Ligand SMILES: NC(=O)c1ccc[n+]([C@@H]2O[C@H](COP(=O)([O-])OP(=O)(O)OC[C@H]3O[C@@H](n4cnc5c(N)ncnc54)[C@H](OP(=O)(O)O)[C@@H]3O)[C@@H](O)[C@H]2O)c1
């Protein structure tokens, strides 16, 4: 099969063996698979604790496709349209996936949407709702709101009944994030009003932490899901104490299968109805053939995206 492989910081589209599905696994013939930040860090050698078991290093943490074959004890039927979370390996024509991490694809969804749902929506829902405690009536701030996780978080927050503020740096994406659910859009952290937010979902940097603590209501919470722009934070603990506030961090990929399956199911349940009636969408910024993966990764690293960058296979 064809797969995108990582080799010395570069990407190659090459022939590798089709994986065999193990117990409780389904072999998925991939139609679409979105790029995530972790794929980029894997490529540049910045993802910790990654072992390919001696095999090729294939990025790709989420896919949509058709079950081609099943392993022992797997209940899914061949031919089922599925989307799910993969333990890397999604940027390929086939990937073996634990069936607990697969969901049926809603009938009206395109492959490109289904292949861009699971990682971004699960990470966003888990951080914002499960860990951040956002609920109906909460006022939330989402940073990096025009990216893949940000656009998922905006819609989850709106569907949950939160008042939603977005922080982006590019005025050109402001209208886009408004359409997806932001009641107000800020272009600079200095513009945040004090004592305003119950939950801040941080997707970008630790550099704004003092301004965000000031912008929290008493008892508010900051949940950090991404900090690639600047992972360090320097702040006065007294300000955190005075607000009785808390700061938490989260990662989805490294969790046990059962925990990831539960987070995936909760995220899907939260938006299922709205996704069926079209009020929640999976914004796709750009679509590339698997063979054009290097160009797709270049697009992923560019500023001003409006959603996901998705790779499709020739069977899509
Ligand atoms: N912990 C987890 O389990 C988990 C899961 C998924 C994602 N993540 C992480 O979450 C983060 C967001 O992921 P994503 O898929 O949404 O990425 P994305 O689609 O590339 O979006 C990145 C967002 O961050 C903004 N941004 C990047 N650098 C910035 C800077 N220096 N200053 C201000 N804004 C900046 C971008 O704005 P511009 O468009 O203006 O560049 C965009 O809004 C990544 O770090 C990713 O690794 C973590």
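In the UniProt record's numbering, the protein residues as written are 1 to 316. Glycine is no exception: its CB is placed at the ideal position from the N, C-alpha and C atoms. This one's a predicted model, so the numbers in the text were calculated from it and none came from an experiment.
Boundaries of the alpha helix (DSSP H) around residue 295: 293-300.
Look at residue 205: its beta carbon is less than 7 Å from one of the heavy atoms in ligand 1. Unbroken alpha helix (DSSP H) runs of no fewer than 4 residues, entirely contained in the segment 232-278, are found at 237-242, 257-276, following chain order.
Note that the segment 71-79 does not touch the segment 225-234; fewer than 3 beta-carbon pairs, one per stretch, sit closer than 8 Å. Between the alpha carbons of residue 22 and residue 104 lies a distance of about 20 Å. When the Cα atoms are used, residue 122 and residue 155 turn out to be separated by approximately 12 Å. For residue 222, the pairing in a beta bridge is given by DSSP as 200, 247. In this structure residue 112 does not touch residue 97 by the C-beta definition: roughly 18 Å separates them, more than the 8 Å allowed. Secondary structure remark: continuous alpha helix (DSSP H) runs of at least 4 residues inside the segment 77-142, in chain order: 111-114, 118-125.
Segment contact: the segment 162-179 against the segment 259-276, fewer than three CB-CB distances shorter than 8 Å; contact not assigned.
By the Cβ test, the segment 137-157 is in contact with the segment 201-217, since at least three Cβ pairs between them sit closer than 8 Å. Comparing alpha-carbon positions, the option among 18, 130, 157, 151 lying closest to residue 136 turns out to be 157. Apart from the 5 residues on each side of it in sequence, residue 12 sits with its Cβ closer than 7 Å to the Cβ of 5 in its chain, given in chain order.
With a 10 Å radius around the Cβ and a threshold of 16 neighbouring Cβ atoms, residue 212 comes out buried.
Taking 7 Å as the cut-off, the C-beta of residue 225 counts as close to a heavy atom of ligand 1. Shortest gap from the CB of residue 246 to any heavy atom of ligand 1: 7 Å or more. Around the beta carbon of residue 83, 16 or more other beta carbons lie within 10 angstroms, which makes this residue buried. Not a single heavy atom of ligand 1 lies less than 7 Å from the C-beta of residue 117. Around the C-beta of residue 188, fewer than 16 other C-beta atoms lie within 10 Å, and the residue is accordingly described as exposed. Bounds of the alpha helix (DSSP H) holding residue 175 are 174-180.
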